[in-house]
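One structure is given here, and the rest of the page talks about it.
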Amino acid sequence: MTLIIIDAVRWLFNILYVMLLIRVVLTWMPMVRTGRVVAFIFAFTEPMLAPVRMLIDRSPLGGPGMMLDFSPIITFFLLRLGQSFLVSVLQSVA
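Here the sequence shown is numbered in my numbering, starting from 1012 and rising by one per residue.
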């Protein structure tokens, strides 16, 4: 039973990775930012990116004048850490 839960967690995080990657690619193509699917992806990924952006803006390295948005990179890293932690906890319970 625990293996099923671990696989489900991995699938969930993979879906989050793909949606975040699609959002990054869509930001490079401003002409494609319309439609229900695109709006769903932006609405789904914004709660993950907004807190990271806020932390970057408050840090001495960031600020509103930054040309590049590093929040997706940091979010990928944090998601990976979260997935590793959650899977290791689930494996230790099994």
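Cβ atoms here follow ideal geometry from the backbone N, Cα and C, with glycine treated the same way. Quantities reported herein were computed from a predicted structural model and do not represent experimental measurements.
Are the C-beta of residue i and some C-beta of chain C separated by less than 9 angstroms?
{"i": "residue 1058", "result": "Absence of chain C from the displayed structure is noted, only one protein chain being present."}
Compute the distance between the beta-carbons of residue i and residue j, then report whether it is under 9 angstroms.
{"i": "residue 1031", "j": "residue 1083", "result": "yes"}
{"i": "residue 1067", "j": "residue 1078", "result": "no"}
By Cβ distance below 7 angstroms, which residues in the same chain neighbour residue i in space, the five residues on each side in sequence not counted?
{"i": "residue 1097", "result": "1020"}
{"i": "residue 1035", "result": "1083"}
{"i": "residue 1044", "result": "1037"}
Could you pull out every residue in the same chain whose Cβ sits closer than 8 angstroms to the Cβ of residue i, ignoring the five residues on either side in sequence?
{"i": "residue 1101", "result": "1013, 1016, 1017, 1020"}
{"i": "residue 1089", "result": "1063"}
{"i": "residue 1059", "result": "1027, 1031, 1086, 1090"}
Using alpha carbons as the reference points, say which of the options lies closest to residue i.
{"i": "residue 1085", "options": "1040, 1038, 1061", "result": "1061"}
{"i": "residue 1023", "options": "1091, 1105, 1104, 1103", "result": "1091"}
{"i": "residue 1065", "options": "1081, 1104, 1054", "result": "1081"}
{"i": "residue 1056", "options": "1105, 1033, 1040, 1047", "result": "1033"}
Under 8 angstroms by Cβ, that's how I've got residue i and residue j pegged, so tell me the actual separation to the nearest angstrom.
{"i": "residue 1029", "j": "residue 1037", "result": "In fact, because the Cβ distance is near 12 angstroms, the residues do not count as touching under 8 angstroms."}
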